[in-house]
Amino acid sequence: MTRTYTPGSLVTARGREWVVLPDSDPDLLVLRPLGGSDDDISAVFPAFEQVQDAQFAPPSPADLGDQRAAGLLRSALRIGFRSGAGPFRSLAGIAVEPRAYQLVPLLMALRQQTVRMLISDDVGIGKTVEAGLIAKELLAQGEAKGLAVLCSPALAEQWQEELRTKFGIDAELVLASTVSRLERGLDLGQSLFDRYPHVIISTDYIKSTRHRDDFVDHCPDLVIVDEAHTCVAADDTVSTQNQLRYELLRRIAKDTERHLLLVTATPHSGKESGFRNLLGLVRPELADVDLETDRGRRLLAQHFVQRKRGDVRQYLTKESGLADDSLAEKTAFPSDRKSKDEKYKLSPAYRALLDDAIAYASERVQAAGEQGRREARIAWWSAIALLRSLVSSPRAAAQTLSTRSAAAVAASAEEADRLAAPLTRDFADSDALEGLDAAPGAETEGAGARLVDLAERAAALEGPEEDLKLAALVRHLKALLKDGYHPIVFCRYIPTAEYVAEHLEKKLGSRTVVKAVTGTLSPQQRLTRIEELATLAGDDPAARRVLVATDCLSEGVNLQHHFDAVVHYDLAWNPTRHDQREGRVDRYGQKRDEVRVITLYGIDNGIDGKVLEVLIAKHRQIRKDLGISVSVPDEASSGVTDAIVEWLLMRGHQPQQEGLFGVEALETVDARAAALESEWNSAAERETTSRSRFAQRAIHPEEVAREVAAIRDTLGRADEVSGFVRHALAALEAHVVEAGDGSGDFTAEVGGAPAGLRDALAPVAGAEAVESGRPIPFRTTAAVARGEAALVRTDPVVGAVAAHVLNAALDAEAAGRRPARRCGVVSTEAVTVPTTLLLVRYRFHLTLPSRQGKQRIVAEDARLLAYQGSAKNAAWLPEEQALDLLSAEAAENTDDYFQERTMRRTLGQLDSVQAHMMAYGDELATELHESHRRVRRASDEIVQGLKVTAQQPADILGVYVYLPPITADGEDA
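Convert by adding 282 to the 1-based position in the sequence shown; the result is the number in this note's numbering.
Below is the structure:
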């Protein structure tokens, strides 16, 4: 007859102990390793494999540890938990420790039966983590079965890496380059989106009518849309690409049972109608509701979160409305961007080339204007392309002069605008940055030998002798490198980036590694090259990194771990692009408190000075005043740059005019600049009003504080993890060296540590680092670079240390040093009467209702219980006093024989405390039940059928006796 095992019971199989899970039946046991994660779940057939009842072995009175043994064992146990019993099912198993403010969107989401959110926190705050937390939790709770992320193809690999490494979600990439491979593995008639439950999809690929229908018909029940502002259009926008994206999202959102997370740092983009279209996707009535009314604001508050850095830099403080700062959390954003504008002047030869090119362009524009509107627009775009590339670099100019204009094939003026504008303008809401860093063409019909001559003259100007812009860059980079910075140089065009990188390699010295990343590389190749750059620079403090990049890296890519300064080699004609560039390094995880920004501009090229004055400087001032960026209105911005170009062309056609600006040209530029400033100020006022009116008020900091406290009580606090890793590694004979800068960081060489620890660390820290003795850096921040370990419980390196310490503690026969033990007797002045501390592991059965039906799970928790006196007459202490015992210091050595005799007597009396342990387990179950109800309180349907019970008896992992010191007369102190 087949033995039946109840869920939650312990069994022994395959040489280890397991917990029986609710999905088991008599013929097939579903098991999770004791203390393991859901990733380790296995199925066992009792008919073919030996399975036996397991009883958790009591501690051995002879296996005694020192004063740190209890704390190390408790921390190792808690760090190893991957299946928490609290209302946040996923937090115990993810490889990132979220900031407290990042829990706000999660709490908001869990109060909705169908999650619909617009997450619009500022650049660098961590919107990807916030969306990932919600996605992981919905999947863990059974509220969602599948996930689709819609994003730019350039960010697809980064999303895949973030989901896999931080949240344990393996997602397939659905891109134009991967679809053929994925479809080859499909069954007849099977949809790709049925075969792969989790996918990351290029929005531009899937929005086409050819692919959209299949995706909508088989769309997962959870969708995240990155950069969602590019997927809707204001009422006066007629972009075909935006319309296709919006139609895709509208059909996705039409299913009211589908979870939808829209992610963007710029939900308004200066246009109220675009914002309303976004809100309408989240909840249809939000498209029209009066947001000036209390009802409208309350409705919006359920679905919308938008915060700037100043809102979360200091969180859960008394200023937030809490009683004290015990849970205060400081997030280390850079405190300042130190911006500096550096000028350069054209060499005489370059000045002459620019003048001749302007004269040529002016003639072409005037002649084309007499031929018709189509010809005029083609000539206009060719002129802009020529001017921008000449101001960029000699190489970009030479390529533009020898390349046919994209507008030349246009059949109409409108088509010419559509083809050329993306290549020559820097719109805030460009459909995509892919392919826009190619140098534009300027050649049109009838150009003849004149363009060839200009191209040859441009090519001859390469190098810092004639290209004084390049010479200025070299000078300023050397100063940055001398100060210890690692800069990114942003260029507008691919030829410019390649040209700059070539010359910097020759000019910056052998200890500076220079690499270029442009749109010629695939998104994955770009990330690989950045990692290569970091590896080549190595750990030498004198080594420096310089990355030269186009705007293919200006949006979405995280570069803060390797770089801390930005140089704008080419001015963008929309300052939002500058903000995107700087946002790659000025974000959470940046170690520098001050990020440096240098903007190069030419004082005599006729363009840069006005662009800097009217666009860039104004944008900086608004950002400084408001603490946020406000997108420049595209049409008004284009009006200013068009006026500047018109003046240049007028000067080229009428060189006899005195001064740089004719009176009429000046008046045109100034009038358009004034119109831009007025519209921009209005947009800034709307943004300020919006952020004040729609500030996140759905979740009060007190609510966040309560959940944060519960999470930390269950899973451990940051200082506990940091102390555990330090003490454990030191006890295991690793060489620990403090950073010495007050940061709390340290490094550890583990070459001399036990073989078991080295084996555990090799897969996560790198075999080369472990065996060669290269120090492993441990950082107090959760945002770390590759090769570093974060001092958080979910970091793989920390987890490996904890697993080794726990396994060694539970195995009294384990070889090597064992810093944690299950027993200890400590003589200490921390107690006045004999006190016993118990480390107890509880298991709980949870029945969790969800849209997919009821989930039955088994979860674990570790608690400290302490009592004074004997077990039979125990005086139980509050949990806070039990916790204080972990920091008790030994006052004197205790005789080994006395320790073992004391421990035997204590262990023999533990049956007397079972009743209290069981009652305490039931109390914990009641608290868990209330915690689940509290988090999901907005929906009665969600909490109906919720049930939490404690598995009895609990496991006693550790027993530690604390005794007052013996005085000289033999009495207790």
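Backbone N, C-alpha and C fix where the C-beta goes; we use that ideal spot for every residue, glycine too.
Query                                                                                                                                                                         : Result
Quick check on the DSSP output: what are the complete beta strand (DSSP E) runs of length 3 or more inside the segment 564-645, in order along the chain?                     : 618-626
Runs of 4 residues minimum, wholly inside the segment 727-811: which ones carry the alpha helix (DSSP H) assignment?                                                          : 731-741, 750-764, 776-789
Measure the C-alpha to C-alpha separation of valine 1080 and valine 1195 and round it to an integer number of angstroms.                                                      : 34 Å
For aspartate 719 and valine 505, I'd like the C-alpha separation in whole angstroms.                                                                                         : 30 Å
In angstroms with no decimal places, state the Cα-to-Cα distance between glutamate 1209 and aspartate 868.                                                                    : 41 Å
Is the distance from the Cβ of proline 502 to the Cβ of phenylalanine 475 below 8 Å?                                                                                          : yes
Under three-state DSSP, which class holds arginine 659?                                                                                                                       : helix
Name the DSSP beta bridge partners of tyrosine 1245, please?                                                                                                                  : According to the sequence displayed, residue 1245 carries leucine and not tyrosine. Answer is Ser1109, bridged to leucine 1245.
Could you pull out every residue in the same chain whose Cβ sits closer than 7 Å to the Cβ of alanine 987, ignoring the five residues on either side in sequence?             : Leu598, Leu604, Leu609
Which two residues bound the contiguous alpha helix (DSSP H) that contains leucine 432?                                                                                       : First-last for leucine 432: 429-433, but that is the beta strand (DSSP E), not the alpha helix (DSSP H).
Examine the Cβ distances between the segment 381-391 and the segment 405-415 and report whether three or more of them are shorter than 8 Å.                                   : yes
Quick check on this structure: which residue in Tyr1242, Ser1132, Leu762 has the alpha carbon closest to the alpha carbon of threonine 1184?                                  : Tyr1242
Are leucine 437 and leucine 560 closer than 8 Å when you measure CB to CB?                                                                                                    : no
I think leucine 354 touches alanine 1010, with their Cβ atoms under 8 Å apart; what is that distance to the nearest whole Å?                                                  : 6 Å
Out of Asp348, Asp852, Ser1213, Lys764, which has the shortest C-alpha to C-alpha gap to proline 1101?                                                                        : Asp348
Roughly how many whole angstroms lie between the Cα atoms of methionine 806 and threonine 447?                                                                                : According to the sequence provided, residue 806 is glutamine. The question's methionine does not apply to it. Cα-Cα distance, rounded: 16 Å.
Taking just the CA atoms, how far does glutamate 738 sit from glycine 791?                                                                                                    : 30 Å
Would you grab the beta carbon distance between alanine 1112 and alanine 1170 for me? Rounded to a whole angstrom, and I think it's under 8 Å.                                : 4 Å
Taking the C-alpha atoms as reference points, what is the distance between arginine 296 and glutamine 332?                                                                    : 8 Å
Does the distance from the CB of valine 877 to the CB of alanine 854 come in under 8 Å?                                                                                       : no
Assign glycine 941 to one of three DSSP states: helix, strand, or coil.                                                                                                       : Residue placement at glycine 941 cannot be trusted, given a pLDDT of 43 that sits under 50; what the coordinates show is reported in the next sentence. In the structure shown, glycine 941 sits in coil (DSSP, three-state: anything other than H, G, I, E or B).
Name the DSSP beta bridge partners of histidine 541, please?                                                                                                                  : Leu504
I'd like the list of long-range same chain contacts for glutamate 611, defined as Cβ closer than 6 Å, with 5 residues on each side in sequence excluded.                      : Ala382, Tyr597, Leu598
Can you tell me whether serine 836 is helix, strand or coil according to DSSP?                                                                                                : coil
So what does valine 1019 bridge to, in DSSP terms?                                                                                                                            : Thr1029
Given that a residue counts as buried once 16 or more other Cβ atoms are within 10 Å of its Cβ, and exposed if not, what is leucine 818?                                      : exposed
From what residue to what residue does the alpha helix (DSSP H) around alanine 413 run?                                                                                       : 409-422
Roughly how far, in whole angstroms, is the beta-carbon of serine 687 from the beta-carbon of glycine 651, given that I think they are within contact range, below 8 Å?       : Between glycine 651 and serine 687 the Cβ distance is about 16 Å, and since that is not below 8 Å, they are no contact.
Look at the alpha carbon of glutamine 938 and the alpha carbon of alanine 783, and state the distance between them as a whole number of angstroms.                            : Note on glutamine 938: pLDDT 43, under 50, position unreliable in the model; the coordinate value appears next. Rounded to the nearest angstrom, the two C-alpha atoms are 40 Å apart.
Just reading off the beta strand (DSSP E) that glutamate 1070 is part of, what are its end residues?                                                                          : No beta strand (DSSP E) contains glutamate 1070, which DSSP labels as neither H nor E.
The beta strand (DSSP E) spanning histidine 480 covers which residue range?                                                                                                   : 480-484
Less than 8 Å between the C-beta atoms of glutamine 442 and alanine 430, yes or no?                                                                                           : no
For alanine 679, count neighbouring C-beta atoms within 10 Å of its own C-beta (all shown protein chains included) and say buried if the count is 16 or more, exposed if not. : buried
Does the beta-carbon distance from valine 1019 to phenylalanine 1028 come in below 8 Å?                                                                                       : yes
Are arginine 360 and alanine 1042 close, meaning C-beta to C-beta below 8 Å?                                                                                                  : no
If you compare alpha carbons, which of Ser342, Lys418, Ala339 is closest to alanine 374?                                                                                      : Lys418
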